[in-house]
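Below is one structure, written out as structure tokens, with a few remarks after it.
The structure is reproduced here in structure tokens:
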């Protein structure tokens with residue numbers, strides 16, 4: 001048994017293995033069940049005696065593709081607001097170690113902080129405390145409805161999953177010192193929807209002051225709402241979607257909605273879209289406007305994405321030269337002439353490559369690149385940028401096989417967890433995993449990823465005259481390189497700037 005830890009709600013009994021203490025299934029909020037379904041998270045309930053913290057709590061309700069792909073399906077429950085803590089063994093309560101809080105991805109509908117790949121022990125051995133968390137997903141986490149808004153003092157609803165994240169960060173602020181962590185030195189890190197969450201938390205008023213640094217892996221939110229789904233990302237449109245969802249469930253009142261079995265909600269939500277929205281409380285302004293004005297949270301930032309992001313998203317799609325333009329138009333409402341030079345094809349093979357490039361640029365590349373640029377221009381703190389291009393050693397039969405440095409491929413390297421993923425590990429892969437875990441934890445400690453024995457990682461500075469900014473290449477070669485390949489992102493930016501202009505959103509200086 002690990003040394004017990006006393007937190008606000010009671011005493012925790014964890015486990016020790018490999019010089020790391022772990023505390024799993026720690027409640028950071030009351031179970032969001034019954035009358036607490038679709039309400040802001042409430043304080044965790046106290047307990048008597050020593051709570052067993054050697055087993056993970058259940059994942060939040062979900063029904064799509066497990067994420068990361070290939071992850072075993074975990075036990076699920078609406079009672080899912082739990083977090084997990086890893087620390088080096090023997091840490092004193094006053095050690096004030098840096099804290100890294102992982103926000104998992106999964107498209108706002110799937111994922112959990114207890115996925116095997118997110119085991120924090122290998123990062124903790126590097127002298128940090130690692131926290132992973134769950135947040136409500138799908139309809140449970142992001143349903144907006146006019147009747148729910150009427151219950152809320154700010155007249156808003158939705159974003160319950162983001163509220164859960166803030167509740168977890170407040171719990172960390174109030175309790176991490178008992179584990180030997182420094183509540184004033186918290187780094188948020190996340191991937192995909194987790195990185196989008198991190199990005200959103202930098203502009204969310206309730207999250208202000210709860211973190212010092214951020215790491216964003218393949219995700220942010222800078223595409224104009226009009227291009228990303230229009231009214232669906234605003235409270236009014238989301239409430240209309242919520243009304244349709246309630247009708248599909250046959251529930252005419254909130255009381256009836258809160259009594260619908262959780263499994264029925266999971267089944268019904270497949271025909272609907274649930275995600276963050278711009279509301280009156282958590283996200284009063286879209287991130288682009290906040291960053292353009294320099295009003296984001298002051299923080300050092302480490303941000304990047306992968307070379308082959310889009311391969312994952314077209315793995316099960318039929319793409320031909322004849323359907324390429326139609327498929328792109330369906331995603332953004334049109335296929336403007338300004339994008340054609342970057343995404344064109346004469347053959348089906350070329351079409352598949354073009355569609356993969358477009359999906360990667362639209363889904364991950366543009367947002368992440370814009371985050372880097374805006375933060376470097378208007379933010380308070382250093383910016384370090386990366387490009388991950390390592391093709392993982394996935395075996396034939398693995399869902400990762402043949403997808404290159406696709407979406408999520410960096411995860412086993414960040415957590416130094418190649419063996420957990422079951423990938424055949426080569427020396428170059430382990431070297432990269434060791435370096436990335438070192439870079440990430442160094443950044444959490446000091447705001448700078450550099451350290452002894454590591455190739456130097458320069459700051460990202462797009463304002464330097466006469467030369468492109470430097471990004472860190474993370475692959476078979478670990479080295480800084482000039483930023484290249486931004487032509488299609490610049491074309492997207494011009495398109496989106498025009499949309500912002502029509503929406504009367506102030507533009508930053510170029």
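Residue numbers (the numbering used here): 1 to 510. For each residue, glycine too, the CB sits at the ideal point set by N, CA and C.
Separation of residue 209 and residue 289 (C-alpha to C-alpha, rounded to the nearest whole angstrom) is 20 Å. Residue 474 holds the alpha-carbon nearest to the alpha-carbon of residue 389 among 152, 474, 418. With contacts defined as CB atoms closer than 8 Å, residue 308 and residue 250 fail to qualify as a contacting pair. Here the alpha carbon of residue 32 sits roughly 8 Å from the alpha carbon of residue 81. Below 8 Å, enough C-beta pairs join the stretch 153–171 and the stretch 280–288 to call them touching: three or more. Residue environment for residue 256: exposed (fewer than 16 other C-beta atoms within 10 angstroms of its C-beta). Spanning the alpha carbons of residue 451 and residue 19 requires a straight line of approximately 23 Å. Distance from the CA of residue 233 to the CA of residue 240, rounded to the nearest whole angstrom, comes to 11 Å. The beta carbon of residue 437 sits closer than 8 Å to those of 122, 123, 126, 413, 414, 415, 416, all from its chain and outside the five residues before and after it, given in chain order. Counting other Cβ atoms within 10 Å of its Cβ, residue 252 stays below 16 and is therefore classed as exposed.
In the pairwise beta carbon analysis, the stretch 54–66 is classified as not touching the stretch 380–396: fewer than three pairs are separated by under 8 Å. Cβ atoms of residue 381 and residue 300 come within 8 Å of each other, at about 4 Å.
Partner residues in a beta bridge of residue 273, as assigned by DSSP, do not exist. Take the alpha-carbon of residue 410 and the one of residue 351: they are about 26 Å apart. Contact between the stretch 431–450 and the stretch 195–205 is absent, with fewer than three C-beta pairs closer than 8 Å. Of the residues assessed, residue 349 falls on the exposed side of the cut-off, its CB having fewer than 16 other CB atoms within 10 angstroms. As the crow flies, the alpha-carbon of residue 418 is around 47 Å from that of residue 151. Taking a C-beta distance under 8 Å as the contact criterion, residue 83 and residue 133 qualify as a contact pair.
For residue 199, there is no enclosing beta strand (DSSP E); the residue is found in the alpha helix (DSSP H) stretching over 193–201.
Judged by pairs of C-beta atoms under 8 Å, the stretch 175–185 does not touch the stretch 330–343, as fewer than three such pairs exist. In the structure shown, residue 171 adopts helical secondary structure according to DSSP, grouped into three states. Positions of the alpha helix (DSSP H) runs, each at least 4 residues long and wholly inside the stretch 347–434, are given as 348–360, 366–378, 411–414, 418–421 in order along the chain.
Using a C-beta cut-off of 8 Å, the stretch 395–408 makes contact with the stretch 305–319, since at least three inter-stretch Cβ pairs fall below that distance. For residue 121, the uninterrupted alpha helix (DSSP H) segment begins and ends at 121–124.
For residue 11, the beta-bridge partners assigned by DSSP are 6, 50. Secondary structure at residue 22: strand, using DSSP grouped into helix, strand and coil. Contact between residue 187 and residue 291 is ruled out by a C-beta separation of about 19 Å, above the 8 Å threshold. Between the alpha carbons of residue 48 and residue 11 lies a distance of about 8 Å. Each residue's CA atom was taken as its position, placing residue 375 and residue 189 some 16 Å apart. Between the stretch 457–474 and the stretch 210–217 there are fewer than three inter-stretch CB-CB distances shorter than 8 Å, so the stretches are not counted as touching. Minimum Cα-Cα distance from residue 129 among the listed residues 273, 424, 88 corresponds to 88.
Look at residue 102 here: in three-state DSSP terms it is strand. A Cβ-Cβ contact shorter than 8 Å links residue 304 with residue 385. Taking a cut-off of 8 Å on C-beta distances, the stretch 425–437 does not touch the stretch 339–348, as fewer than three cross pairs fall below it.
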